[in-house]
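Novice: Residue numbers (the UniProt record's numbering): 1 to 151. For each residue, glycine too, the CB sits at the ideal point set by N, CA and C. All figures in this text were calculated on a predicted structure; none of them were measured in a lab. Sharing a structure with you now.
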Ligand SMILES: O=C(O)CCC(=O)C(=O)O
Ligand SMILES: [Fe+2]
């Protein structure tokens, strides 16, 4: 488990500067305590950005890439980003639940069948793989997909 406190200072140019660039989380599950007043998080769906409303003291549960892999794609890890704000500072707390790297992860056998063939490889240290791809501007989960090997 990793806890990250995010602080977004005032930014004079929210039109050109992001608080966090678009990504999906490398965790299995993320628990996010948003700022109780200031909005900023957006989720990508069907090529459109949707704002995540503020729910004071509410916890936002987000599926990360590792649950997408373990569920053989049944649950999707959403791409999201954070905007900046010229008038209000913003604070959030993200708790990333991460499986033991020594154990590794892969799709659960019972979720693999003829209709849904195995879509992801077994992986030992997904977070390391994640950051290799992330630095190159690629969607890290693509590196875990089996169809990738055919190209
Ligand atoms: O600060 C937020 O609202 C979200 C931060 C986030 O996406 C992350 O820390 O992975
Ligand atoms: Fe995130």
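1) Taking only runs that begin and end inside the stretch 60-85, name each unbroken beta strand (DSSP E) of 3 or more residues, in chain order.
2) Is residue 3 helix, strand or coil by DSSP?
3) Any idea if residue 30 is buried or exposed, counting beta-carbon neighbours within 10 angstroms, 16 or more meaning buried?
4) If the criterion is Cβ atoms closer than 8 Å, does the pair residue 99 and residue 28 meet it?
5) With a cut-off of 8 Å, do at least 3 Cβ pairs link the stretch 5-15 to the stretch 87-103?
6) Near residue 151, which residues of its chain fall below 8 Å by C-beta distance, leaving aside the five closest residues on each side in sequence?
7) Under the three-state reduction of DSSP, which class applies to residue 108: helix, strand or coil?
8) Taking the alpha carbon of residue 37 as the reference point, which residue from 20, 97, 92 and 63 has its own alpha carbon closest?
9) Using 10 angstroms around the beta-carbon of residue 35, count the other beta-carbons present and answer buried if the total reaches 16, otherwise exposed.
Specialist: If we stick to the structure as given:
1) 80-83
2) strand
3) buried
4) yes
5) Three or more pairs of CB atoms, one per stretch, sit closer than 8 Å, so the stretch 5-15 contacts the stretch 87-103.
6) Residue placement at residue 151 is flagged as unreliable, the pLDDT there being 49, under the threshold of 50; the coordinate-derived value follows with that caveat. The answer is none, since no qualifying residue turns up.
7) coil
8) 92
9) Buried.
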